[in-house]
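Sequential numbering of the sequence shown, starting at 6, is according to this note's numbering.
Notes to accompany the following structure.
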Amino acid sequence: MTAPEPQAVDKMTRRRALKVAAASAALPLVHIRSGRAAGKLSIGFWDHWVPSGNAVMQKQVDAWAAKNHVEVQVDFITSNGQKNILTIAAEHQARTGHDIQTFPTWEVHNNADLLEPIDDVMKRLTDKYGQVNQVCEYLAKVNGKWLAVPTSSGTQYKGPCGRISILKEKAGLDVVGMYPARDEHTAASDAWTWDAHYKAAEACAKAGMPFAIGLGQTSDSVDFAGTLFRAHGAELVDKDGNITVKSDKVRTVLEYAGNLVKVLPDDAVSYDDASNNRALISGKSPLIWNPPSAWAVARRDAPQVAADCWTFSAPTGPEGRFVPYLPYFWGVWSFSPNKTAAKELIEALLQREPVEQRCTEVLGYDVPPFTSMLDFKVWSEVEPPKGTVYNYPIRPFHRAAAHIAAMPAPPDVAVQIYNRGTMPTMLAKLKSGQSIDQVVSWASDELEGFAR
């Protein structure tokens, strides 16, 4: 990874200015605390999609607080309307707030100037549980220092989830045979390529059940497009910040996408992150790219659909197999008056037993950052059908790697590519009838603006 230049973390970028302005308007709605005693601690956790995820987290914090004689205040902050991002920006501007804050994806880099280095905690955790993947390093290690610890809570993979019977009937795709609920590499998984993905999408579209893949600008669309580009080795900006969109590899992925977008839903360009979930749960689509939240809702509201779902790995392309990955992080503000207790609590919550308790409670949605923890029983035991999310975490026999869209571009550029939805917008323009040359020209202009 290429870290930003040391002075870059203090620079007031256009994106930061917009965020801070928005956060300032929202300040009266945000919990801001000051003047806490040394024996107090406050935490801003992500408000989990699975309500019981908050309950088990609160219980674990309360147990730690009682044992260590620390008064702990916990706030669960929703990501709806980006309130969690606004809260982070408000605390950054005010230089006061929670001691511990949850940082989604790019927010560690966005707040690097006010985060306490946390290398000591990371060293103890990795010495005990092994290393984390390169996406975590890319997003949370700045100028050689860990500024936040990757956590399990909220961290997700976003590979395919498909309807077993429909994919077999309409596309001849046996997803359970490709990825059985056991540690076994199959020849059928080798045949799961991007070409096979297109053929299956085409067959299902002809049957009136298109793959619910979005071309909008929210994260589900961005994450899908990002892994498609990466599997073909197509970078928009390289690790050194050079704009590389006018390359043969980008043209190759756009040639593939030009066919794929024709068999996606007509409203794919207007998809948000709920659109694909609704399509699966309602029975209108046989495949989405998503964490198990859609399956979990179907388990409650449409059990016949849930019982026919299977999560599996991404297709392989010319450059390999890559699965969209969105990690969350826990960081300590440099203005916290109780940094020692904050670090101790983070380390305690990332021990194997509490991580497994939380993961089990949310039906396997949360993925631990440490590979050694991917043997939790939850992924083989939850149902229906049994084993449905066994292949949700990346396992060695998948021969896959985690990826976040726009990586390996320098993070200050990559965050703009991600948040502006540059990659799915390129695909949306193909769907509207624009030529590859027109799409590449548009993207080049966009990227030039990001790099200024």
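Built from N, CA and C at the ideal position, the CB exists for glycine as well.
Note that the structure is a prediction, hence the values are computed from the model and not measured.
Is Ile48 closer than 8 Å to Asp118 when the C-beta atoms are compared? no
When the distance is taken between beta carbons, is Ile248 closer than 8 Å to Glu453? Closer than 8 Å, so yes.
Measure the C-alpha to C-alpha separation of Asn295 and Ala273 and round it to an integer number of angstroms. 15 Å
Let me check one thing: in DSSP terms, what residues is Pro155 bridge-paired to? Phe334
Run through DSSP, which three-state label would Trp111 get? coil
Selection from Ser84, Gln87, Gly86, Gln65 that minimises the alpha carbon distance to Gln78: Gln65
DSSP three-state assignment for Leu355, whether helix, strand or coil: coil
Ser377 versus Arg363: straight-line alpha-carbon distance, rounded: 16 Å
Just the C-alpha distance for Arg235 and Gln443, rounded to the nearest angstrom, thanks. Note on geometry: alpha-carbon atoms of Arg235 and Gln443 lie some 21 Å from one another.
Should the region 171-188 be regarded as contacting the region 300-318, the criterion being three or more beta carbon pairs within less than 8 Å? With contact defined as three or more Cβ pairs closer than 8 Å, the region 171-188 and the region 300-318 are in contact.
Val337 to Gly238, Cα distance in whole Å? Computed Cα separation, rounded: 36 Å.
Range covered by the alpha helix (DSSP H) that runs through Thr131: 124-134
Going by Cα to Cα distance, which pick from Pro389, Tyr397, Ala353 is closest to Tyr370? Tyr397
Residue burial classification, Ala347 (beta-carbon count within 10 angstroms, cutoff 16): buried
Could you tell me whether the Cβ atoms of His408 and Val328 are closer together than 8 Å? yes
Segment contact flag, the region 68-76 with the region 95-110, C-beta cutoff 8 Å, min 3 pairs: no
Indicate whether the contact test is met: 3 or more Cβ pairs, each with one atom in the region 243-263 and one in the region 186-196, closer than 8 Å. no
Output the boundary residues of the beta strand (DSSP E) element that contains Lys45. Its beta strand (DSSP E) spans residues 45-51.
Nearest-angstrom Cα distance between Ala208 and Lys173? 11 Å
List the residues that DSSP assigns as beta-bridge partners of Leu292. Gly167
Whole angstroms is fine: what's the gap from Val266's alpha carbon to Val258's? Their Cα atoms are separated by approximately 12 Å.
Considering only their Cβ atoms, is the gap separating Ala212 from Lys175 smaller than 8 Å? yes
Sequence-distant residues of its chain with Cβ nearer than 7 Å to Gly325 (five each side left out): Ala236, Ala406
Have a look at Met428, Asn59, Leu91 and flag the residue whose alpha-carbon is nearest the alpha-carbon of Asp225. Met428
In or out: Phe455 buried (at least 16 other Cβ within 10 Å) or exposed? buried
For Ser339 and Glu121, what's the separation of their Cα atoms in angstroms? 5 Å
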